[in-house]
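Working notes for the structure below.
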DNA sequence: GCAATATTTCAACACTCGTTGAACTATTGA
DNA sequence: TCAATAGTTCAACGAGTGTTGAAATATTGC
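Protein chains in written order, with our numbering: chain A, 29 to 156; chain B, 29 to 156.
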């Protein structure tokens, strides 16, 4: 994946409205949602929603298909996964032990953010 | 994870400089890098780098540790994984078959990718 | 103490982004 | 054809972001 694409994806996901829309589409799966459904679900004015849907489609994170007078949007999950792969490429200096340690410390559904207590912990104090 | 945190993470990753810095730190692993090393590796002026490092640390994506007159930065990989989990929560209308289809053809680059398992098994389906 | 090194803060500027109402296009149903 | 519905485009404004040089802070070695 090219860096430019990853940047566009992250930029798209950095807006509250677009993040909500994308997650809604991810949860909708193949079925997707038409613009009106999205607008109703998220309580976003049509004008504004259209603006953000354009952003999501332009970076490839969503696709559109016309259905009569409706526009059906769907999440591009492969692109999302590609972007994640790009972000984690060659991680941990290619040391599998490091990766294992880091993953162990992170239950996939952690309720609290480990904001300022990250990898630094692994160095010096608790590890030999 | 709170939506606000995920937003800050994506916003942080939506800048070319910050994306480069974060990926560099991910690749550096536990060792991390001091600001000067990052500046040299990416050819970013110190003033500008400092600005972006602040952004990365404020959202929790990087940590700082003082080492004499140096500042050592490290990637917060658990936070990154939490964010990914947040993004993919309840995907595909909780239909495991959909997830399996979508994940097919996705590059399995980093050792981190297995952490995405919840995507495919959101509904307790044993697969593999 | 003093100079050199490493990094951050500050002020200023151009630039981009998000939101909104009004106007526009396209499709449906009568 | 006409009115209603679904959605997008446009113009404008305020707010936020990225970059830079100059100045400030902190640490090291002499």
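Glycine residues also receive a C-beta, built at the ideal position from the N, C-alpha and C atoms.
### Message
Tell me the residue span of the beta strand (DSSP E) that contains residue 90 of chain A.
### Response
Per DSSP, residue 90 of chain A belongs to the beta strand (DSSP E) from 90-95.
### Task
Taking all protein chains shown into account, decide if residue 30 of chain B is buried (16 or more other Cβ within 10 angstroms of its Cβ) or exposed.
Looking at its Cβ environment, which holds fewer than 16 other Cβ atoms inside 10 Å, residue 30 of chain B is exposed.
### Message
For residue 42 of chain B, would you say it is in contact with chain A, using Cβ-to-Cβ distances shorter than 8 Å as the test?
### Response
Yes - at least one Cβ of chain A is within 8 Å of the one on residue 42 of chain B.
### Message
Can you find the residues in the same chain that come closer than 6 Å, C-beta to C-beta, to residue 118 of chain A, ignoring five residues on each side of it along the sequence?
### Response
Within its own chain, no residue has a Cβ closer than 6 Å to the Cβ of residue 118 of chain A once the five positions on either side in sequence are excluded.
### Task
Return helix, strand or coil for residue 72 of chain B, following the three-state DSSP convention.
DSSP places residue 72 of chain B in the coil class of the three-state scheme, outside both helix and strand.
### Message
Judging by CA-CA distance, which residue of A/80, A/32, A/88 and A/34 is the nearest neighbour of residue 103 of chain A?
### Response
The option with the nearest alpha carbon to residue 103 of chain A is A/88.
### Message
If distances are taken between C-alpha atoms only, which option among A/123, A/120 and A/112 comes closest to residue 33 of chain A?
### Response
Considering only alpha carbons, the answer is A/112.
#### Entry: Any chain A beta carbon closer than 8 Å to residue 232 of chain B
Any answer about residue 232 of chain B is impossible in this case: the structure gives chain B only from 29 up to 156.
### Task
Report yes or no: do the stretch 68-87 of chain B and the stretch 37-52 of chain B share at least 3 C-beta pairs separated by less than 8 Å?
Output reads yes: the stretch 37-52 of chain B touches the stretch 68-87 of chain B.
### Task
For residue 64 of chain A, count neighbouring C-beta atoms within 10 Å of its own C-beta (all shown protein chains included) and say buried if the count is 16 or more, exposed if not.
Residue 64 of chain A sits exposed, since fewer than 16 C-beta atoms from the chains shown fall within 10 Å of its C-beta.
### Task
Assign residue 59 of chain B to one of three DSSP states: helix, strand, or coil.
DSSP places residue 59 of chain B in helix when its eight states are reduced to three.
### Message
By the three-class DSSP mapping on this structure, what secondary structure does residue 117 of chain B have?
### Response
In this structure, DSSP gives residue 117 of chain B a state outside helix and strand, which the three-state scheme calls coil.
### Query
Should residue 95 of chain A be labelled buried (16 or more other beta-carbon atoms within 10 Å of its own) or exposed?
By the neighbour-count rule (16 or more Cβ atoms within 10 Å), residue 95 of chain A is not buried but exposed.
#### Entry: Whole-angstrom C-beta distance between residue 37 of chain A and residue 107 of chain A, which should lie under 8 Å
Taking a contact as a CB-CB distance under 8 Å, the pair residue 107 of chain A and residue 37 of chain A counts as one, their CB atoms being some 7 Å apart.
#### Entry: Euclidean distance between Cα positions of residue 57 of chain A and residue 99 of chain B
Cα to Cα, the separation comes out at about 44 Å.
### Message
Whole angstroms are fine: how far does the CA of residue 115 of chain B sit from the CA of residue 51 of chain A?
### Response
The straight-line gap from Cα to Cα measures roughly 6 Å.
### Task
Would you list the one or two residues that DSSP bridges to residue 99 of chain A?
According to the DSSP secondary-structure assignment, residue 99 of chain A is paired through a beta bridge with A/94.
#### Entry: Cβ-based burial, residue 35 of chain A [other Cβ within 10 Å; buried from 16]
By the Cβ neighbour-count rule, residue 35 of chain A is buried, with 16 or more other Cβ atoms within 10 Å of its own.
### Query
Taking 8 Å as the CB-CB cut-off, is residue 121 of chain A touching chain B?
Answer yes: the Cβ-Cβ gap between residue 121 of chain A and chain B drops below 8 Å somewhere.
### Query
In three-state DSSP terms, what is residue 127 of chain A?
In this structure, residue 127 of chain A counts as helix in the three-state DSSP scheme.
### Query
How close, in whole Å, do the beta carbons of residue 126 of chain A and residue 42 of chain B come, if the pair is a contact with beta carbons under 8 Å?
With 8 Å as the limit, residue 126 of chain A and residue 42 of chain B do not qualify as a contact, their Cβ atoms being about 27 Å apart.
### Task
Count the other C-beta atoms from every protein chain shown that fall within 10 angstroms of the C-beta of residue 69 of chain A, then say buried if there are 16 or more, exposed otherwise.
Exposed is the call here.
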